[in-house]
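Heads up: the sequence shown is residues 4 to 100, going by this note's numbering. First comes the structure, then the notes that go with it.
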Amino acid sequence: MKSVFITFDQAFYERILALLDRQNCRGFSYWQQVQGRGSVKGEPHYGSHAWPSMCSAIITVVDDAKVDSLLDALHKMDKETEQLGLRAFVWNVEKTI
Numbered sequence: 004m005k006s007v008f009i010t011f012d013q014a015f016y017e018r019i020l021a022l023l024d025r026q027n028c029r030g031f032s033y034w035q036q037v038q039g040r041g042s043v044k045g046e047p048h049y050g051s052h053a054w055p056s057m058c059s060a061i062i063t064v065v066d067d068a069k070v071d072s073l074l075d076a077l078h079k080m081d082k083e084t085e086q087l088g089l090r091a092f093v094w095n096v097e098k099t100i
């Protein structure tokens with residue numbers, strides 16, 4: 004099992020939920036407002052007057068076999084509108100209950 008942590012501009016929310024459905028990734032946790040700044044490029048997401056946009060984040064735990072197709076679809080989504088910002092990180096899940 005792997006956890007996939009996805010941070011994204013709030014504009015991606017509905018598209019990412021639809022993607023999780025299509026990929027049969029049922030369970031996830033969602034943070035509606037997350038502040039941050041990308042490490043490569045893109046605008047900061049601080050929710051301030053100068054930088055009004057905000058990020059959100061989702062974490063999902065999936066079978067190893069689903070990780071590559073999920074990351075490929077997320078990468079494609081990011082490439083379509085790079086300025087918005089979307090990142091995904093994968094960690095091993097050692098144990099779960």
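Beta carbons are placed, not taken as given, at the ideal position from N, Cα and C, and that holds for glycine.
Residues bridged to residue i [DSSP beta-bridge criterion]
{"i": "Ser42", "result": "Note: Ser42 sits in no beta bridge, so no partner."}
{"i": "Asn95", "result": "Lys5"}
{"i": "Ala89", "result": "In the sequence as displayed, the identity of residue 89 is Leu instead of Ala. Per DSSP, Phe11."}
Member of the options whose CA lies at the smallest distance from the CA of residue i
{"i": "Val96", "options": "Val37, Asp75, Phe15, Ile62", "result": "Ile62"}
{"i": "Asp24", "options": "Leu73, Trp94, Arg40, Glu85", "result": "Leu73"}
{"i": "Ser59", "options": "Gln13, Val7, Ser32", "result": "Gln13"}
{"i": "Gly39", "options": "Trp94, Arg29, Asp71, Arg90", "result": "Arg90"}
{"i": "Ser32", "options": "Gly41, Gln26, Thr10", "result": "Thr10"}
Secondary structure of residue i, DSSP reduced to three states
{"i": "His78", "result": "helix"}
{"i": "Gln2", "result": "Given a span of 4 to 100 for the chain in the structure shown, any question on residue 2 remains unanswerable."}
Rounded distance between the beta-carbons of residue j and residue i, thought under 8 Å
{"i": "Ala68", "j": "Leu22", "result": "The pair is not a contact, with the Cβ atoms about 16 Å apart (cut-off 8 Å)."}
Please specify which runs of the beta strand (DSSP E), each continuous and at least 3 residues long, are wholly inside the region 45–74, giving them in chain order. 58–65
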